Amino acid sequence: TTFHNANDELVRIDSAGNVGIGTTAPKSLLNVTGTGTSGGILTLENDSTSLVTGRYVGQIDFYSNDSSTNGAGVKANITAIAENSIGSQIGLAFGTSGTGSATAIEALRVNSAGNVGIGTTGPSKKLEIASNTTYDGIQVSGTSIPRIAIIDTTNNATLSAYARDNDATIGTESNHPLTLNTNGTER
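Residue numbers (the numbering used here): 2 to 188.
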C-alpha cells in the first residue's frame, strides 16, 4: 500500500507490514529516511503552549510482553523532560528495569546543561553519581593497566590512579607535588 501526493510517493506499507516514510523499501516496522545532512528525523511533540517543570515533551517506551512475573510492561524508556517552568530547558532521562521491577525507572539523566547524573535527577557537575549502596561507585577494569586520571590542562598537572601487575598506584604523572589536604589546609 502506498500514499502519494500529486507526484511523489510519501508513505509505503510493504507486505510484511513495515512502514516506510521517505523510502520504498522499509527495513523495519518503522523506517524514516531523509536526505542530505539531516537524515531521517522522527519528531515527538507536546502540543501544550505552557510546558512546566517535570512535564514530558516526548517519550520512547520499550515494551516487553514477557509472561513471567513483572515481565510485561515498559522495561526501558527515553524521556525528554522540561526542567524549568517556561519549558526552555529540556533534559533527557533514560529509564531501565532491574530484576523484579514491573516498570522502568530513571537510571541516568542528561540535564539541559549537559551534566550527566547516575542515581540522581539533578546532576550539578559534568558527571555526578549518587548511591545509597555501600561500596558502590565507579569501577574501571581492564587487562592492560586500567587507569583513572584527573588532568588540569591549563597547568598540565595530572593525578593518576592505576593498577598494574601486583601494584596499585596513586600519584602525579607530571612535575607537580602530591599533597594531602583537610579543610583546605595542606597536611
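Here a beta-carbon is modelled for each residue, glycine too, at the ideal position from N, C-alpha and C. As the structure is a computational prediction, the values presented were derived from the model and not from experiment.
Cβ separation of residue i and residue j, assumed to be a contact under 8 Å, to the nearest whole Å
i: L52; j: A83; result: 4 Å
i: I91; j: S113; result: 6 Å
i: G101; j: N71; result: 6 Å
Pairwise C-alpha distance: residue j and residue i
i: R149; j: Y57; result: It should be pointed out that residue 149 corresponds to Ile in this sequence rather than to Arg. Their backbone Cα atoms lie some 36 Å apart in a straight line.
i: D153; j: Y136; result: 28 Å
i: T159; j: P147; result: 16 Å
i: G55; j: N85; result: 8 Å
i: G21; j: K126; result: 41 Å
i: T121; j: F63; result: 22 Å
i: N8; j: G23; result: 14 Å
i: G118; j: N78; result: 16 Å
i: T180; j: R188; result: 7 Å
Spatially closest choice to residue i from the options, by CA coordinates
i: L31; options: D15, T144 and I171; result: D15
i: T44; options: G37, Q60 and T54; result: Q60
i: V33; options: L179, S89, Y64 and L11; result: L11
i: S98; options: G92, A169 and E107; result: E107
i: S145; options: H177, R165 and R13; result: R165
i: A162; options: N184, I139 and N156; result: I139
i: G89; options: A17, T50 and G35; result: Contrary to the premise, residue 89 reads as Ser rather than Gly in this sequence. Ranking the options by Cα distance to S89, first place goes to T50.
Cβ-based burial, residue i [other Cβ within 10 Å; buried from 16]
i: S39; result: exposed
i: P124; result: buried
i: G96; result: buried
i: P27; result: buried
Per-residue DSSP class, three states only, for residue i
i: A17; result: coil
i: R110; result: strand
i: H177; result: coil
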